[in-house]
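Residue 2 is where the sequence shown starts when you use the numbering used here, and the numbers rise one by one after that.
C-beta atoms are modelled at their ideal positions from N, C-alpha and C, and glycine is treated no differently.
No experiment lies behind these values; they were computed from the predicted model shown.
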Amino acid sequence: MRHGIDPATIGVGAKRDAGVDRRTCRPGRDSDHSGRVGPQHTREDDKAMKDGKPASQQQTSIPAPAPTATPLRYRVTPVDPDAHQFEVELEVAEPDPHGQRVTMPAWTPGSYLIREFARHVVSIDARTASGRRIPLTKIDKATWQAPACAGPLQIRYRVHAHDLSVRGAHLDAEHGFFNGSSLLMQAVGHDSRACELLLKPPVPRAGSGGRAGREPTRATAGEAAARTAGRMAGKTLGKAAAKDSDTHSSSGGPAGWRVATTMPRAGAPEYGFGLYRARDYAELIDHPVEMGEFTLASFDVGGARHEIALTGRHDADTRRLCRDLRRLCAAHIRLFEPRRARAPFERYLFQVFVVGDGYGGLEHRSSTSLICARRELPWKGEPKEPSEDYRSFLGLASHEYFHAWNVKRIRPAAFIPYDLQNEDYTRLLWIFEGFTSYYDDLMLVRSGVIGVDAYLQVLARTISGVQRAPGHEVQSVAESSFDAWIKFYRQDENSPNALASYYAKGSLVALALDLEIRTRTDGRRSLDDVMRLMWQRYGRKALTGGADGGLGEDGFPSLLAEATGLRLDRQIRAWAYGTDRLPLSALLRRVGVRFASGAGDQGPTTLGVRLAERHGQLTITTAYNGQAAERAGLSAGDVLIAADGLRVDEKTLKALLARRRPGERLRVHGFRRDELIEREVVLQAPLPTETKLSVHEKAGTAARALRRDWLGR
Ligand SMILES: [Zn+2]
């Protein structure tokens, strides 16, 4: 997953804190006001197929399940878009003879926070096959128990879907989206059973001009499904139409709705409502579903069709988007499969929800859900070197695509299987998120989508972000991984002081390991070899369904040694399990990159705080431990109103600090709660946390060769 904002600022008034919640899979882009920035977080039965082809041959290489057990049958109806309600029916053919339990996952893979999706369940009831209603007893916050009964058992419930994020479910008259774990309950004891999913279209409300209707009866919903399926089949994009830059337009409303998901079809027309299937529950919830009107574009690479479905208003140049993503995806595929150059799936989907301001992504086995700001998509005038906004989108797409290998197939043993009711602990997110964060931007330059200078600029920003956040000297990325559930995903005003980002710092650990391996083997080995070994050992087997091996908690050092011939146990201990400074300056120099550290444009003095304008008030969001403001008795939450007798806002305070020298005193007035306070701050020089990287043109031949191998140019 990739986050849109610096997680160290969540809940503390970060600039990008408003609007759509982007706390999903990759960190990013936050700027500081007068001091530091925290860690940079800146990222498918047993029914015959109507068209005669098994679903497994259509869309995924995962073998079809054995046709013996009756599948679980799910039916999802966007029953009331204006009230944001999905209705779900789950039929368990062979319920537990002691009484069937159904439960809603507490979290979603890729986003390590207990979210308790059961809280969105509005109503639920159960019936036997004859239609007799039977009582359900709620036995914990997410689980309902039915009495012992003969099958099939039918559970019907409604879910409030108004979470516009990549993790949840969202439904309105414009579109519908759900990530399976937030909508589809588990039938306890039946996780390995095949699942059928019948997706039903919303019913246009009479006289509503095509907008979705309320409370369709089963019959009308079924008829509508058949009508829509027929209509969709009629307007299914043919092979040619589905090629690059097919721009779909329709009259609006559900009549034009299509479905975008990589869940294997089991009778549903292409892009249509109807029947889909999954080999088990884990797969069912790993194909998010978008329904609505979307722009569809596609390209082929690595033996797989790649599609982009853009929902929401946009003016994107889809040809450019396809061109760049194609190059990028080709580079990822070559990294893991240099000889075969084959993707581990036959179809991949980028679901993109375009909004005014938002950022985030969540990885899945053959798709990703992304939220991006409109301005981040390329337009007709996009320069050859992508704008910072577009580069950010490309980095997000790259991050989630890399996850199709790293975490979706190469998995920590701790995630096999996922415990969806409780925290699933691992100390290895610095590998699964950190390495992914390292490769996401690196693959942009290797694929030629961005230039070397642009890459070094992005890398320098990551380094600066980590240097600014003192939490990286307090917590290791292994600890941060383990505590993701209570710390990284639940940040507060003290997070920059106490938290390490397994994304940003994890990506720098990957960089340090990569450069260490390259320089010590004279370029014969690299972190790429480590990734490939992990892929061969754990990832490829995940496809056959025959092996469940994952990376053990202590398995990485020996795996690295096997892949490279080097024992880097000491470095891994110090860098990932300790808080030692990474020797990036020296390592980068060896590959012909200059490293310069300074105060950047921070000005001559600082208070040692992060500030934000909240409700028009200049508020301290973090007081860095041991720095000027904290030493003077100021703290997070204090509102600054005056300095040396003059009213201050963000701009005037900055101007004032620019005219002072370190060691000078500044009398500050402010409010703590509603009480006026006065403090005297001894101004300090800003810390040299800002990094600049550049190509060292006069580096030796060996260094230049290493740099070329590393960056691919
Ligand atoms: Zn991620």
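For T262, collect the residues of the same chain with a Cβ closer than 6 Å to its Cβ; drop the 5 residues on either side in sequence, then sort them by chain order.
H288, V290
Leaving aside the five residues before and after L329 along the sequence, list all residues of the same chain whose C-beta is less than 8 Å from its C-beta, in chain order.
L395, A398, S399, Y402, M444, L445, S448, V450
Is it a yes or a no for the segment 186-204 touching the segment 92-108, going by three-plus beta-carbon pairs under 8 Å?
yes
If you measure from the CB of H365, is any heavy atom of ligand 1 nearer than 7 Å?
no
contact_flag[the segment 360-368, the segment 317-335] where n(CB pairs < 8 Å) is 3 or more:
no
Kindly say whether Y625, judged by its beta-carbon, lies nearer than 8 Å to any beta-carbon of chain C.
No chain C appears in this structure, which consists of one protein chain only.
For the alpha helix (DSSP H) that E1 lies in, which residues bound it at each end?
An answer regarding residue 1 cannot be provided, because it is not within the stretch 2 to 714 covered by the chain.
Would you say the beta carbon of R1 comes nearer than 7 Å to a heavy atom of ligand 1?
Residue 1 cannot be examined here, being either before or after the span of the chain that is shown, 2 to 714.
Length at least 4, wholly inside the segment 287-344: the alpha helix (DSSP H) runs in chain order:
319-337
In its own chain, which residues sit with a C-beta less than 8 Å from the C-beta of R705, not counting the 5 before and 5 after it?
G593
Are there three or more Cβ pairs, one per stretch, closer than 8 Å when the segment 686-702 is compared with the segment 642-657?
no
Please return the same chain residues whose Cβ sits closer than 7 Å to the Cβ of D645, not counting the five positions on each side in sequence.
L667, R668
Which of helix, strand or coil does DSSP assign to E494?
coil
Once DSSP output is grouped into helix, strand and coil, what is the label at I573?
helix
Are the beta-carbon atoms belonging to L172 and Y277 less than 8 Å from one another?
no
Beta carbon of E434: closer than 7 Å to some heavy atom of ligand 1?
yes
Would you please state the rounded distance, in angstroms, between the beta carbons of R335 and A543? I believe it to be under 8 Å.
R335 to A543, Cβ: 20 Å. No contact.
Do the segment 125-133 and the segment 152-167 make contact, defined as three or more Cβ pairs closer than 8 Å?
yes
My output table needs one value for V696: the three-state DSSP class, helix, strand or coil.
strand
Write down the C-beta distance between F295 and L311 rounded to the nearest angstrom, noting that I regard them as a contact closer than 8 Å.
6 Å
With DSSP as the reference, please indicate the residues paired to W145 in a beta bridge.
V103, K139
Give the DSSP bridge partners of D126, in chain order.
R157
Could you tell me if S496 is buried or exposed, where buried requires 16 or more neighbouring beta carbons within 10 angstroms of its beta carbon?
buried
By the 10 Å Cβ neighbour count, where 16 or more other Cβ atoms means buried, how is N423 classified, buried or exposed?
exposed
Going by DSSP, what residues sit across from V594 in a beta bridge?
V696
Contact test: H333 Cβ vs ligand 1 heavy atom, cutoff 7 Å:
no
Can you tell which of H616, G664, Q618 has the C-alpha that lies nearest to the C-alpha of T607?
G664
Would you identify the three-state DSSP class for Y277, choosing helix, strand or coil?
strand
Is it buried or exposed for S131, if we count other Cβ within 10 angstroms and need 16 for buried?
exposed
State the DSSP-derived secondary structure class of R673, mapped to helix, strand or coil.
strand
Confirm the yes/no value for this check: CB of T463, any heavy atom of ligand 2, distance under 7 Å.
Among the ligands modelled here, namely ligand 1, ligand 2 does not occur.
Note down, in chain order, each residue of its chain lying with its Cβ closer than 8 Å to the Cβ of A331, except the 5 sequence neighbours on either side.
V302, G303, A342, S448
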